[in-house]
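Here is the structure we will look at.
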Amino acid sequence: RVIADNSDRDLVTGRAFLKGFGAAVDNNTFVVNPRPFNGVVSLACPEVSSADVCAAIQEQLSAHPMPEPHFSELLAKLYSTLGEGAAGNWTNTSCRLNPASGYMDGSCSAASDLTERLLMEWGGGLTVAWDRM
Numbered sequence: 005r006v007i008a009d010n011s012d013r014d015l016v017t018g019r020a021f022l023k024g025f026g027a028a029v030d031n032n033t034f035v036v037n038p039r040p041f042n043g044v045v046s047l048a049c050p051e052v053s054s055a056d057v058c059a060a061i062q063e064q065l066s067a068h069p070m071p072e073p074h075f076s077e078l079l080a081k082l083y084s085t086l087g088e089g090a091a092g093n094w095t096n097t098s099c100r101l102n103p104a105s106g107y108m109d110g111s112c113s114a115a116s117d118l119t120e121r122l123l124m125e126w127g128g129g130l131t132v133a134w135d136r137m
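Each position in the sequence shown, counted from 1, maps to that position plus 4 in the numbering used here.
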């Protein structure tokens, strides 16, 4: 059973997930309910402070640091594949934890966002990375 938030992306993904498993998509297997995803109204999904998120990420990074030189090589491969855009060489920006947001900034964030975009293009049957991959 899939419970989806009420957004196009979640609706499409939830239905595709069920179809991929050969399951029927009906009112028993697919439910739209935004409440579980709202930290203000759901005890199952409480809001987490930026400080707590930051502390958890820092703990994870300390336990499992990014493997070098492999990580830098992957950044360079992604950069060379996509080419230089308006941001210039974004791989020169260090990865850092932003305590205000609780998330990674810099080249780690850029690489994550770009990779997610490429995967979504591929998954949607679109031309990936302007046909550079």
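Backbone N, C-alpha and C fix where the C-beta goes; we use that ideal spot for every residue, glycine too.
Close beta carbons around residue i, own chain, < 6 Å, minus the five adjacent residues each side
i	result
Ala51	Reading off the sequence shown, one finds Glu at residue 51, where the question assumed Ala. Result list for Glu51: Gly43, in chain order.
Val45	Arg39
Val57	Gly106
Ser98	Gly110
Arg100	Asp109 and Gly110
Trp126	Val132
Val29	Arg19 and Leu22
Residue i: first and last residue of the uninterrupted alpha helix (DSSP H) it sits in
i	result
Ala20	Asp12 to Gly24
Contacting residues, own chain, Cβ-Cβ under 8 Å from residue i (five flanking each side not counted)
i	result
Phe34	Arg5, Val6, Ala8, Gly18, Arg19 and Leu22
Ala27	Thr33
Ser54	Pro103, Ala104, Ser105 and Gly106
Cys49	Pro40, Phe41, Asn42 and Gly43
Asp122	For the record, residue 122 in the displayed sequence is Leu; it is not Asp. For Leu122, where only same-chain residues beyond five positions count, the Cβ hits under 8 Å are Val132, Ala133 and Met137.
Proximity to residue i [Cα-Cα], best of the options
i	options	result
Ala90	Ser54, Ala114 and Ser53	Ala114
Gly110	Leu122, Glu125, Asn93 and Trp126	Asn93
Pro71	Cys112, Trp126 and Asn96	Cys112
Ser84	Glu63, Ala59 and Leu118	Leu118
Ser76	Leu130, Asp12, Leu122 and Thr95	Thr95
Extent of the continuous beta strand (DSSP E) run through residue i
i	result
Phe34	Phe34 to Val36
Ala48	That residue, Ala48, is in no beta strand (DSSP E); it is neither H nor E in DSSP.
Ala28	Per DSSP, Ala28 belongs to no beta strand (DSSP E) and is neither H nor E.
Val6	Val6 to Ala8
Nearest-angstrom beta carbon gap, residue j and residue i [assumed within contact, 8 Å]
i	j	result
Ala133	Leu86	6 Å
Close-in-space but distant-in-sequence residues of the same chain around residue i (CB under 7 Å, 5 per side omitted)
i	result
Asn10	Val36 and Pro38
For this session: Any chance you could list the alpha helix (DSSP H) runs of at least 4 consecutive residues sitting entirely within the stretch 53-135, in chain order?
Result: 54-67, 74-86 and 111-127
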